[in-house]
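Notes for the one structure printed next.
Protein chains: 2
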Amino acid sequence: MLHHEIQSEDKILFFKKEYISEFVYGGIDGAITTFAVVAGAEGASLGITVVIILGLANLIADGFSMSVGNYFSTKASRDNFDRHKAREYWEVEHLGEAEKAEIREVYEAKGFRGELLNQVVEVITSDKDVWVDTMMKEELEMTKDGKTPIKTASVTFLSFLAVGSIPLLAYIFAGLDSGIANSELFLYSSILTGIALTIVGALKSIVTERNIMAGIAETLLLGGLAASLAYFVGDVLEQVFM
Amino acid sequence: MLHHEIQSEDKILFFKKEYISEFVYGGIDGAITTFAVVAGAEGASLGITVVIILGLANLIADGFSMSVGNYFSTKASRDNFDRHKAREYWEVEHLGEAEKAEIREVYEAKGFRGELLNQVVEVITSDKDVWVDTMMKEELEMTKDGKTPIKTASVTFLSFLAVGSIPLLAYIFAGLDSGIANSELFLYSSILTGIALTIVGALKSIVTERNIMAGIAETLLLGGLAASLAYFVGDVLEQVFM
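Top to bottom, those sequences are chains A and B.
If you want this note's numbering, it's the position in the first sequence, counting the first as 1, plus 612.
If you want this note's numbering, it's the position in the second sequence, counting the first as 1, plus 612.
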């Protein structure tokens, strides 16, 4: 009954909410990173082929490193939980009295006193699983991350590639076979990236459970500022070096 | 006493362990991302100025977007906790009987029965803070993230910039005023990046509490594969487009 309630709260549109979070953050990172390459190259007037080559190289390398990094950190967080849990089992086994005293402290802090406190401590420490579970939540304040490393990494990778390729679309499809000016391609790329960030920013508000407009504004502002920085750096360095 | 124990466990070399984690992941991401630009440009034979311009533009834009994104997501996770907690306070206030029944379920699952169960439920629900705290940990399995958004973002940004600039050092200091070949600069950049990833990979094992060799191997492999992908994409696209 309790578990049912939690699960239904955490599922939205058949997706587990936690994977929407990977989709959103992977997508935002992909779009912003790739658009920064586009903006930096445009600021330095580097030409269409440089944008496409370094944009794609960056997209694939960053998407790979972000998602594999994500795999390792999700795995590390789960392993860390398991290791602490194993240590608590060991302590319960070998340092029973000290661990029992800690359960007593925990329940004393909750307002239990006298004979009732004794009885509570007895019940908790009569079942090793309950005992360790209490130590994990109350002493270490750790709860297990329910995410599967391989799933978080896959969703991040696919989202990074899909959303992150959007800033390059105009260059790939229009840039090579016609006389469209660089500045016009950059405009199209900016518009497409803006639309993508708006959609992902709106989805972000599902994850953060906040106002949808705040999610969109935050995401657009972040992308706009990162791209402006890249453009500015490209522009300044062009004058220095070229 | 309990809190003292937890804090001392989480501090290493005067740093809170959680901020070592930001340093490590910011640094790894910075070095891998920047080295991917270097490798992609080398694969496509794009020249030293392109490496420096897009490397720096990417470093600053990515460092900014990663750390600000980090700020928002740490903040969102804390806000999410606070919102759920406020909701539990509301439920305790307005749906007291249902929430009391949930506390009963939680403690029944721990092995409490009969009169003792009644008494435990009475004590827990006699203090609203204890009641809500129990709902947060036992029903929602949520514990508060102790990290401060502005600190995690700052550490991430500085680490991203500091470690992420290492792949560019050879190009910036040796590339512009001498006749060193591109391939030689790429070799120096690879060696410096390898050293940086080795150090940060070793630090990562402090965060993950795992074998130091595994931390180094994992980090070097990840950086090497990401750079190889970027090099390969650059190389293939050079043949297609140039």
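For every residue, glycine included, the Cβ atom is placed at its ideal position computed from N, Cα and C.
These figures come from a predicted structure and were not determined experimentally.
- Put simply, the region 699-717 of chain B does not touch the region 799-807 of chain B. Fewer than three CB pairs are less than 8 Å apart.
- For residue 757 of chain A, there is no enclosing alpha helix (DSSP H), as DSSP marks it with neither H nor E.
- Contact annotation for residue 810 of chain A against chain B: no contact, minimum CB-CB distance about 16 Å [criterion: below 8 Å].
- When the Cα atoms are used, residue 685 of chain B and residue 821 of chain A turn out to be separated by approximately 12 Å.
- By the C-beta density criterion, residue 711 of chain A is buried, having at least 16 other C-beta atoms within 10 angstroms.
- Ranked by Cα distance from residue 697 of chain A, the first of A/828, A/744, A/673, A/823 is A/744.
- Here the alpha carbons of residue 742 of chain B and residue 726 of chain A stand approximately 18 Å from one another.
- Ranked by how close their Cα comes to the Cα of residue 670 of chain B, the residues A/644, A/746, A/766 have A/644 in first place.
- Within chain A, the residues 749, 753, 754, 755 have their CB atoms less than 8 Å from the CB of residue 755 of chain B, given in chain order.
- Secondary structure of residue 689 of chain B (DSSP, three-state): helix.
- Collapsing the DSSP output to three states places residue 854 of chain B in coil.
- Taking a beta-carbon distance threshold of 8 Å, residue 825 of chain A does not count as an interface residue toward chain B.
- Taking 8 Å as the threshold, the shortest C-beta distance from residue 845 of chain B to chain A falls below it.
- Counting along the chain, no alpha helix (DSSP H) covers residue 739 of chain A, and no H or E run does either.
- Its chain contains 716, 719, 720 as the residues whose beta carbon lies nearer than 7 Å to that of residue 729 of chain B, once the 5 sequence neighbours on both sides are disregarded; these appear in chain order.
- Pairing residue 633 of chain B with residue 819 of chain B, the inter-Cα distance amounts to about 6 Å.
- A distance below 8 Å separates the beta carbons of residue 668 of chain A and residue 849 of chain B.
- Taking the C-beta atoms as reference points, residue 767 of chain B is found no nearer than 8 Å to residue 683 of chain B.
- By the Cβ neighbour-count rule, residue 656 of chain B is buried, with 16 or more other Cβ atoms within 10 Å of its own.
- If the five residues before and after residue 832 of chain A are omitted, its C-beta is found closer than 7 Å to the C-beta atoms of 806, 809, 810, 813, all from its own chain and listed in chain order.
- Within chain B, the C-beta atoms nearer than 9 Å to that of residue 728 of chain A come from 728, 731, 732, 735, in chain order.
- As the crow flies, the alpha-carbon of residue 677 of chain A is around 18 Å from that of residue 647 of chain A.
- In the three-state reduction of the DSSP assignment, residue 822 of chain A falls in the coil class.
- Proximity of residue 664 of chain B to chain A, defined by a Cβ-Cβ separation below 8 Å, is satisfied.
- In the structure shown, residue 725 of chain A adopts coil according to DSSP, grouped into three states.
- Rounded to the nearest whole angstrom, the C-alpha separation of residue 841 of chain B and residue 672 of chain A is 7 Å.
- In the three-state scheme derived from DSSP, where H, G and I count as helix and E and B as strand, residue 651 of chain B is classed as helix.
- Excluding its 5 nearest sequence neighbours in each direction, residue 663 of chain B has C-beta neighbours in its own chain below 6 Å: 650, 653, 783, listed in chain order.
- Within chain A, the residues whose beta carbon sits less than 7 Å from that of residue 830 of chain B are 684, listed in sequence order.
- Using a CB distance below 8 Å, no part of the region 770-786 of chain A faces chain B.
- At a cut-off of 8 Å between C-beta atoms, residue 644 of chain B counts as an interface residue with respect to chain A.
- The beta carbon of residue 722 of chain B falls within 8 Å of a beta carbon belonging to chain A, placing the residue at that interface.
- For the 8 Å CB-CB criterion, residue 639 of chain A and residue 675 of chain A do not form a contact.
- Under the 8 Å criterion on CB atoms, residue 661 of chain A is classed as interfacial with respect to chain B.
- Using beta-carbon distances, residue 820 of chain A counts as an interface residue toward chain B, with a partner under 8 Å.
- It is roughly 8 Å from the alpha-carbon of residue 764 of chain A to the alpha-carbon of residue 679 of chain A.
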